[in-house]
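One structure is given below, encoded as structure tokens.
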Amino acid sequence: MPLSNVHILHQDAAVLVVNKPTLLLSVPGRADDNKDCLITRLQENGYPEARIVHRLDWETSGIILLARDADSHRELSRQFHDRETEKAYTALCWGQPELDSGSIDLPLRYDPPTKPRHVVDHEFGKNALTFWKVLERCGDWCRVELTPITGRSHQLRVHMLSIGHPLLGDGLYAHEQALAAWPRLCLHASMLSFTHPQSGVRLRFECPAPF
1 MPLSNVHILH QDAAVLVVNK PTLLLSVPGR ADDNKDCLIT RLQENGYPEA RIVHRLDWET
61 SGIILLARDA DSHRELSRQF HDRETEKAYT ALCWGQPELD SGSIDLPLRY DPPTKPRHVV
121 DHEFGKNALT FWKVLERCGD WCRVELTPIT GRSHQLRVHM LSIGHPLLGD GLYAHEQALA
181 AWPRLCLHAS MLSFTHPQSG VRLRFECPAP F
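The C-terminal residue of the sequence shown carries number 211 in UniProt numbering, and the numbering is unbroken.
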């Protein structure tokens, strides 16, 4: 598959920073019809050495970091594991929060009966922390900046649902009105900061949301 709408934001000898479009897997899925993905497109179009460092959900767009050698991959993976990276997402959520900012500290776990959904579970869930801030208020919805401190699956989507503000266009978690309000999941990885694995320089990349 061609790179098509996968945009390279930065490249050097050690790293690739790309803007993943919505409706594209980060890595291959198990089914044969889920083989088209970001890493395969990159490896087949001039970047055979590319290695995924972290992932975004299929419907989530935005910044993804890849390494171009084993040592860089190891160091960048360590930074993510040790929470030395900084990430921010832009999202549209249903309703108007009473406050302009806040935090959500609720444990999450995978819920097999409703796969692939995740749920808040105070007994068996893993700790999850998200900071949120309203950027713009507009009628039935608002634009927010979401900053995950932990990196649980579906964390931002479930956390915003838990405070009564599901993301627009979210086919897994949104109610009927929020789902119909936008033709795609309104979640975009808009900022990523990390330390370059070779130079040690702190880098920051931004990519505005397409909604």
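Yeah, the Cβ is synthetic: ideal placement off N, Cα and C, and Gly gets one too.
Under the 10 Å beta carbon count, residue 200 is surrounded by fewer than 16 other beta carbons and is classified as exposed. The three-state reading of DSSP puts residue 160 in helix, counting H, G and I together. A Cβ-Cβ contact shorter than 8 angstroms links residue 130 with residue 159. Setting aside the 5 residues that flank it on each side, residue 68 is surrounded in the same chain by 14, 49, each with a C-beta closer than 6 angstroms to its C-beta; the list follows chain order.
For residue 74, the enclosing alpha helix (DSSP H) begins and ends at 70-81.
Counting along the chain, the unbroken beta strand (DSSP E) around residue 145 starts and ends at 141-148. Of the residues assessed, residue 191 falls on the buried side of the cut-off, its CB having 16 or more other CB atoms within 10 angstroms. Straight-line measurement puts the Cα of residue 1 at about 28 angstroms from the Cα of residue 90.
Going by beta carbons, residue 53 and residue 39 fall outside the 8 angstroms limit.
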